[in-house]
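As numbered in my numbering, residues 2 to 388 make up the sequence shown, in order.
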Amino acid sequence: MELYNAIEELNKVSVNLELLKKKWTEIEQLLPVSGNWIQEDKSQYEIKCFEFKDILETIPKIRDINIRNLLPEYDWVSQGSRDVSDCIMEFYSETFAQDSEISKYEHALKRERRRLIRNQVQRCVRDIDKILDLLNVNLEGRDSSDALKPEEINPLKERIRQLDGLMGDSVSRPLRWSDLNRHMHFGLVHDLYDIIRLDWSSIKPSIASFFYGDDPLPIITQDIGDLVDSADKTGIIGTSLNWASITDVQFERLCADLLKASPNWENVEWLTPTHASDRGKDLEAFWVYQDAARGTIRERTLVQCKHRPNKSVSPKDIETLQNLSVTHGKADLYLVITSGKFSDQVTQIVDGWNESNSRLKVELWEHWKLEQLLASHPYIIKLYGLR
């Protein structure tokens, strides 16, 4: 079955499930739990039970899960409500067992919808990343007021339309979604840079959280003890993330996504196209924390991203520290993030700088630090195909 047809079928099941829930609510209201037996109520009860069964027949099973018909007999409820004493909890549990059946099925339906759409959303997001990466390179040197050609902007518009359709009516649109569409409509070079720098960098992590939510990661191990017993005893630990699989642009975008998803970071902004001269600053953000004496502290942070998965970052790769304040104004923290490692010389320079009591502090994040932080955000790892 094609994706469109599968989504349509799920939508129909969702509608029928809502009808079933509504009918069950009507039935609940007629249950004689007070012990009063009323002929008119019984007649209405039986009619609604027939209607419930008709709707139930239209709802297919989900793998091994289906909704059993556990509607109680009207006379049994009326009699039971008068006879219960010590077994009152058991009586009510049986009377309202249908509620649990519906809830279990509803949970399974939402889970299957996420699974179906999530895979397609992942592909769509990757396509959008590739389109933006290519445009970012191809448009370098173009005047910012130039109009994008149809063959440049139309592939992006088409993928965004697909993404919009996948989200459907059940997902609220992320912040900046309207800004994204406005920038695509005008379609100038500077609009594209705003899409890369502001719109997509904000929308992408929001989409990830919508479609991953609280779903657990798939685990193949049934017994942790067996896993430990059979594990490699060599003591060698392989690289957990494949940093070489992403581009410079994707690495900058990943760093922005990670900061936005992490606590204590606010107003994360991607500032320049990757291949433009950033003069030591790719991102800007505020590190926010509480101080017992001074209250809430907000530190302006300049972030430089260096995608060097196969080599170390040397002093010539980062901006001269003395120039930062002159170039970018007052700042509290300079954060340099790399997918590789920093040379010993860089580490020594930074240690000496921080010990000099300079107002601007410098912090270095190597690949292991990124992997440690990303462990709390597995959906970002999946979005960028790092594992």
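Ideal placement from N, C-alpha and C gives every residue a C-beta, glycine not left out. Predicted, not measured: the structure shown is a model, and the values here were computed from it.
The C-alpha of Trp201 lies about 30 angstroms from the C-alpha of Lys362. Closest option to Pro33, judged by alpha-carbon separation, among Gly81, Phe53, Asp333: Gly81. With a cutoff of 9 angstroms on beta-carbon distance, Ile154 and Asn182 are scored as not near each other. Secondary structure at Phe287: strand, using DSSP grouped into helix, strand and coil.
Nearest neighbour of Lys111 by Cα position, chosen from Tyr46, Ile63, Val138, Val314, turns out to be Ile63. When beta bridges are read from the DSSP output, Gly188 appears opposite no residue.
Counting C-beta pairs with one atom in each stretch, the segment 264 to 272 and the segment 285 to 293 have three or more that are closer than 8 angstroms, which means they touch. Put simply, of Leu325, Thr26, Met168 the residue whose alpha carbon is nearest the alpha carbon of Ala98 is Thr26. Around the beta carbon of Lys307, 16 or more other beta carbons sit within 10 angstroms, so the residue counts as buried. By the CB criterion at 9 angstroms, Ser246 and Gly386 fall inside the cutoff.
The DSSP assignment places 75 to 84, 89 to 96 as complete runs of the alpha helix (DSSP H) inside the segment 69 to 110, in order along the chain (cut-off: 4 residues). The shortest CA-to-CA distance from Arg177 to any of Ile196, Leu164, His191 is the one to Ile196. His368 and Ser340 do touch by the CB rule: their CB atoms are close to 5 angstroms apart, below 8 angstroms. Put simply, the backbone Cα of Glu3 is about 19 angstroms away from that of Glu159. In this structure, Ala332 lies near Arg301, with their beta-carbon atoms less than 9 angstroms apart.
Taking 9 angstroms as the cut-off, the beta carbon of Asp134 is found no closer than this to the beta carbon of Val304. The Cβ-Cβ distance between Leu72 and Ile103 does not fall below 9 angstroms.
Apart from the 5 residues on each side of it in sequence, Ile338 sits with its Cβ closer than 6 angstroms to the Cβ of Cys256, Cys306, Trp366 in its chain, given in chain order.
Rounded to whole angstroms, the gap between the alpha carbons of Glu113 and Asn12 is 12 angstroms.
If you draw a 10 Å sphere on the C-beta of Ala262, you find 16 or more other C-beta atoms in it, and that means buried. Met185 is classed as buried because its beta carbon has at least 16 other beta carbons within 10 Å across all chains shown. Setting aside the 5 residues that flank it on each side, Phe187 has no residue in the same chain whose C-beta is closer than 7 angstroms to its C-beta.
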